[in-house]
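Quick notes on the structure that follows.
In the working numbering, the protein residues as written are 24 to 145.
Below is the structure:
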């Protein structure tokens, strides 16, 4: 049946590709990957995210995802804190279920969770 997760897709408004590249590629450091030729005309941009992918697709009637969100795992607490400093406007959450985490909005208002396991759990 289901073997795993392949990718997550978020939406952006038309013309948002450069902002997506600056945020996901520049600030978060995700490598951009080339979209397959048949899908390029639709716009959007794709990124590698570990063994998975994060797709940012263009949506004409765009509305940001305020509650639904991907959770991106960071390798260490030090890297999580450095990323929070680089991003600036983050919302830290209490250590919950053995993870240290914060939330941040992408340039389009989509919610993202960034987390790393703490030494005491998960």
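Cβ coordinates follow ideal geometry from the N, Cα and C atoms, glycine included.
If you check the CB distance, residue 53 and residue 72 come in under 8 Å. Here residue 123 is bridged, per DSSP, to 139.
With fewer than 16 neighbouring CB atoms inside 10 Å of its own CB, residue 100 falls in the exposed class. The beta carbon of residue 124 sits closer than 7 Å to those of 116, 136, 137, 138, all from its chain and outside the five residues before and after it, given in chain order. Taken through DSSP and simplified to helix, strand or coil, residue 41 comes out as helix. When only Cα atoms are considered, residue 27 and residue 92 end up about 18 Å apart. Secondary-structure assignment with DSSP links residue 55 through a beta bridge to 70.
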